[in-house]
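Read the structure below first, then the notes.
Number of protein chains: 2
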Amino acid sequence: MTQQIATNVHWHHGEITREDRNRLLNQKGATLWFTGLSGSGKSTIAVALESKLYEMGKISYRLDGDNIRLGINKNLGFSAEDRTENIRRIGEIAKLFVDTGVFALSSFISPYRADRDNVRKLHEDSGFRFVEIFVDCPLDEAEKRDPKGLYKKARAGEIKNFTGIDDPYEAPAKAEVHLVTSEMSLEEEVQTIIDYLENEGLLSA
Amino acid sequence: MTQQIATNVHWHHGEITREDRNRLLNQKGATLWFTGLSGSGKSTIAVALESKLYEMGKISYRLDGDNIRLGINKNLGFSAEDRTENIRRIGEIAKLFVDTGVFALSSFISPYRADRDNVRKLHEDSGFRFVEIFVDCPLDEAEKRDPKGLYKKARAGEIKNFTGIDDPYEAPAKAEVHLVTSEMSLEEEVQTIIDYLENEGLLSA
Numbered sequence: 001m002t003q004q005i006a007t008n009v010h011w012h013h014g015e016i017t018r019e020d021r022n023r024l025l026n027q028k029g030a031t032l033w034f035t036g037l038s039g040s041g042k043s044t045i046a047v048a049l050e051s052k053l054y055e056m057g058k059i060s061y062r063l064d065g066d067n068i069r070l071g072i073n074k075n076l077g078f079s080a081e082d083r084t085e086n087i088r089r090i091g092e093i094a095k096l097f098v099d100t101g102v103f104a105l106s107s108f109i110s111p112y113r114a115d116r117d118n119v120r121k122l123h124e125d126s127g128f129r130f131v132e133i134f135v136d137c138p139l140d141e142a143e144k145r146d147p148k149g150l151y152k153k154a155r156a157g158e159i160k161n162f163t164g165i166d167d168p169y170e171a172p173a174k175a176e177v178h179l180v181t182s183e184m185s186l187e188e189e190v191q192t193i194i195d196y197l198e199n200e201g202l203l204s205a
Numbered sequence: 206m207t208q209q210i211a212t213n214v215h216w217h218h219g220e221i222t223r224e225d226r227n228r229l230l231n232q233k234g235a236t237l238w239f240t241g242l243s244g245s246g247k248s249t250i251a252v253a254l255e256s257k258l259y260e261m262g263k264i265s266y267r268l269d270g271d272n273i274r275l276g277i278n279k280n281l282g283f284s285a286e287d288r289t290e291n292i293r294r295i296g297e298i299a300k301l302f303v304d305t306g307v308f309a310l311s312s313f314i315s316p317y318r319a320d321r322d323n324v325r326k327l328h329e330d331s332g333f334r335f336v337e338i339f340v341d342c343p344l345d346e347a348e349k350r351d352p353k354g355l356y357k358k359a360r361a362g363e364i365k366n367f368t369g370i371d372d373p374y375e376a377p378a379k380a381e382v383h384l385v386t387s388e389m390s391l392e393e394e395v396q397t398i399i400d401y402l403e404n405e406g407l408l409s410a
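Structure (structure tokens):
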């Protein structure tokens, strides 16, 4: 029988590393963690950023309610415990993407500082880049937009524990990128993030 | 205030799709799901395949005990319920990688047919490729290798519910790739998988 555990075949030069993958993709994978109120524009910015990165030949992937809450986290509800587990799992998944060399664009309200800091620690303890992006939109403006009609329902008491209404939003103290939505166009917001990534050397390997 | 929801800026041409990402990476993302006994060679083959794909300029990522059991699934044990949840989560994560355009190489024993079929369904219902790779190594050979000394512990009763000893391994009935380890070298095993991917058109976009 041919020995299976052989490691001396010419093309098997050991395990491919994160640096190898970064080189292949010519970028340095990182988690871009959007946080902000419902209606602040997180997803809109993430979609536009994804498009911009794509035009630059960079690969990113958006983690959002559609592919997370309906997928891996479909067995989680909205209790405090489940919200924390929701963010923990998203953080762990984002980390796998960073390890792959991909930009993980996470757009969840993620209102609690402790949860976000846990995800940051999870990354930084492994030498992985975590970029917190604060989408800073005042409550009255987000509520005025109310793209999904959720504030209206929360005000009517049809949704409980809604961030900004009857549950707190804890703003980041020192986000890497701070987007003040009242002063910036979408294009400016995206460019601010791109500039950050460029300055940090993440757009090449 | 500048309207944030604007979608008519020139570079924002809507959401980037899975097909777009496949084009960027020049491959079609797919889950390559290795299944087989402990010691059958799943991880060895996955490592060698990853290396081969890398040399071909293709991006893949291995999901294994190190980055899953110690990460997102660290709150799961080895009860029947937790094993099923373990495989479900891995399947959901693999699906996100496929959506990104990456080859997800999953190497877990995954002994139960129902669990594997659930992951297959999860993929195929969304039009995602699921490639089951049966690493077919006889129990006596796997036990003779016993690279981690686990069979010895299982025989001594120190590990309970060990696949092949006191828990069943349900072999796939119709895996896309069937590797008979007693008849193939590691290089042949890898080449068999590469040939499959090539024939299925997954190595270009």
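Sequence order for the protein chains is W and U.
If you read the first sequence in the numbering used here, its first letter stands for residue 1, the second for the next number, and so on.
If you read the second sequence in the numbering used here, its first letter stands for residue 206, the second for the next number, and so on.
Don't be surprised by glycine CBs; every beta carbon is placed ideally from N, CA and C.
Predicted, not measured: the structure shown is a model, and the values here were computed from it.
Contact annotation: in the region 94-119 of chain W, residues whose CB is within less than 9 Å of a CB in chain U are 95, 96, 97, 99, 100, 101, 102.
As a beta-bridge residue in DSSP terms, residue 62 of chain W pairs with W/105.
In this structure, residue 190 of chain W places its C-beta atom within 7 Å of the C-beta atom of residue 52 of chain W.
DSSP places residue 327 of chain U within a helical segment (H, G or I) once states are collapsed to three. With its beta carbon at least 7 Å from every one in chain W, residue 331 of chain U lies outside the interface. Apart from the 5 residues on each side of it in sequence, residue 205 of chain W sits with its Cβ closer than 6 Å to the Cβ of 22, 23, 26 in its chain, given in chain order.
Shown here for residue 60 of chain W: same chain residues with a beta carbon closer than 7 Å to its own, the five before and five after excluded, namely 50, 53, 102, 103, 105 in chain order.
For residue 388 of chain U, the closest alpha carbon among the candidates U/238, U/342, U/402, U/241 is that of U/342.
Contact residues of the region 57-72 of chain W toward chain U are 57, 58, 59, 60, 61, 62, 63, 67, 68, 71, 72 (C-beta to C-beta distance below 9 Å). For residue 331 of chain U, the number of other beta carbons within 10 angstroms of its own is below 16, and it is reported as exposed. About 18 Å separates the beta carbons of residue 316 of chain U and residue 352 of chain U, which is beyond the 8 Å limit, so they are not a contact pair. Uninterrupted alpha helix (DSSP H) stretches at least 4 residues long and entirely within the region 21-64 of chain W occur at 42-55, given in chain order.
By alpha-carbon distance to residue 238 of chain U, the top candidate from U/313, U/304, U/221 is U/313. Counting only residues of its own chain and dropping the five nearest sequence neighbours on each side, residue 250 of chain U has a CB closer than 6 Å to the CB of 394. Per DSSP, reduced to three states, the secondary structure at residue 384 of chain U is strand. One thing to note: residue 28 of chain W has its Cβ no nearer than 7 Å to the Cβ of residue 36 of chain W. In the DSSP assignment, residue 133 of chain W falls within the beta strand (DSSP E) that extends over 130-136. Pairing residue 319 of chain U with residue 350 of chain U, the inter-Cα distance amounts to about 28 Å. Here the alpha carbon of residue 163 of chain W sits roughly 8 Å from the alpha carbon of residue 38 of chain W. Here the C-alpha atom of residue 285 of chain U lies approximately 19 Å from the C-alpha atom of residue 74 of chain W.
Take the alpha-carbon of residue 151 of chain W and the one of residue 40 of chain W: they are about 12 Å apart. Between residue 236 of chain U and residue 339 of chain U, the C-beta spacing is not below 7 Å. In the three-state reduction of the DSSP assignment, residue 84 of chain W falls in the helix class, which pools H, G and I. Closer than 7 Å to the CB of residue 135 of chain W there is not a single CB belonging to chain U. At the C-beta level, residue 294 of chain U and residue 87 of chain W stay beyond 7 Å of one another.
The alpha carbon of residue 118 of chain W has as its nearest neighbour, out of W/198, W/85, W/159, the alpha carbon of W/85.
Between residue 154 of chain W and residue 116 of chain W, the alpha-carbon positions lie close to 24 Å from each other.
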